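In the numbering used here, the protein residues as written are 40 to 424. Where a beta carbon is used, it is the ideal one built from N, C-alpha and C, also for glycine. In this text, all values refer to a predicted model and were calculated from it rather than measured experimentally.
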């Protein structure tokens, strides 16, 4: 039995009827609201190849707000939507953006990992209900830092990063130790890159100046002496791109402190001192930092006993301000490290060991008698007596 409609259908009712008849999937979507995911069939996600032995970035890297920039390599994961993560990794472009499927360009310049995840989530919210986005740092960009003050080679440096993966969703990673540990650039590593600190450096007062995203500047005080004495790793601050490290000169140098600093990994391995005059092997000698004047003389083979002036030597030093200091030091090999009689020597110092009185007289007579000796030498050659 066929039932006839007694009243004409309205336009809205007719549209719903036609949609249900010819486009059932559309009608269902209108009745149920927005879907959790898109109807596009999932594409196979490419596997992400990570080095399992690579050290993880330290927890403090994420907590301290590492900001993304051009050259960073990241991974973007969206929970339960494998069809979107079609690439294993993305590189932040020179304009500070990521080019992602469906949404296109998303700017992440200057954003932390959680902030970048929030920005990407906001863009995908147009297509997915409550997208859960995770941004992981796979390959941090090299850091450019400035190092000024009491280092052997002040200037601007590019320091590479050797790391594993840091994720905005996981903050349980620890700082690595040993050769396979974390290689994120720190203050001590930057000082090594700059040739190490000078012997005048005040390791208790090192400043790290950092530009913040809001345009202000943050100054971080670093005490590497505390790092050496107590093993306080928080003093070996993790660096960020654009940091400037400033090392001031010490007003007074503690010999005991200087000796311990000299064997640290942020001091140069060797310094060059020129030893000239009456020593066995005059010239430049390479010695450990904070070596004493006596040690420098021994490195040059020691004194020539028959000719050297054994009581006093001269120490010449070029100061950072361009002036030259000349000191006469009473030589005493029985003395330990002290500024008066056995001071520490600095890089490019010059030590002059003068002749003794007998050597000066002998050299003077040789100079006077040299013409006479040459004259009689001619007669000897000619056979004239």
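Under the three-state reduction of DSSP output, residue 290 falls in the coil class, being neither helix nor strand. Look at the beta carbons and you see the segment 260-268 not touching the segment 315-326: under three pairs across the two are nearer than 8 Å. In the three-state reduction of the DSSP assignment, residue 353 falls in the strand class. The C-alpha of residue 313 lies about 16 Å from the C-alpha of residue 367. Assigned with DSSP and collapsed to three states, residue 393 falls in coil, not helix or strand.
Judged by beta-carbon spacing, residue 230 lies beyond the 8 Å limit of residue 287, meaning their Cβ atoms are not closer than that value. Counting along the chain, residue 313 sits inside the beta strand (DSSP E) bounded by residues 310-316. For residue 153, the secondary structure class from DSSP, reduced to helix, strand or coil, is helix. About 6 Å separates the beta carbons of residue 184 and residue 278, which is inside the 8 Å limit, making them a contact pair. The C-beta distance from residue 147 to residue 157 rounds to 10 Å, too long to fall under 8 Å, and the pair is not in contact. Here the segment 295-313 lies against the segment 378-395, with 3 or more beta-carbon pairs under 8 Å apart. Cβ-Cβ distances below 7 Å link residue 311 to 323, 325, 386 and 387 in the same chain, with the five nearest sequence neighbours on each side left out; the list follows chain order.
Cβ neighbours of residue 285 within its own chain (closer than 6 Å, five residues either side excluded): 187, 188 and 246. Here the alpha carbon of residue 254 sits roughly 13 Å from the alpha carbon of residue 248. According to DSSP, residue pairing for residue 257 in a beta bridge involves 249.
Collapsing the DSSP output to three states places residue 169 in coil.
Our two residues, residue 337 and residue 290, have alpha carbons roughly 29 Å apart in a direct line.
About 6 Å separates the beta carbon of residue 391 from that of residue 315, a gap short enough to meet the 8 Å contact definition. Take the alpha-carbon of residue 162 and the one of residue 200: they are about 30 Å apart.
By a beta-carbon distance limit of 8 Å, residue 233 does not contact residue 181. Their separation comes to about 16 Å. Linking residue 335 to residue 318 through their CA atoms gives a straight-line distance of about 11 Å. Nearest to residue 228 by alpha-carbon distance, out of 332, 141 and 307, is 307. Under the DSSP assignment, residue 369 falls in the beta strand (DSSP E) whose first and last residues are 363-369.
Secondary structure of residue 228 (DSSP, three-state): helix.
In the three-state reduction of the DSSP assignment, residue 333 falls in the helix class, which pools H, G and I. The beta carbon of residue 106 sits closer than 7 Å to those of 149, 150, 151 and 252, all from its chain and outside the five residues before and after it, given in chain order. The three-state secondary structure of residue 222, taken from DSSP, is strand.
Short of 6 Å from the beta carbon of residue 333, and not among the five residues preceding or following it, lie these beta carbons of its own chain, in chain order: 372 and 381. The beta carbons of residue 329 and residue 379 sit no closer together than 8 Å.
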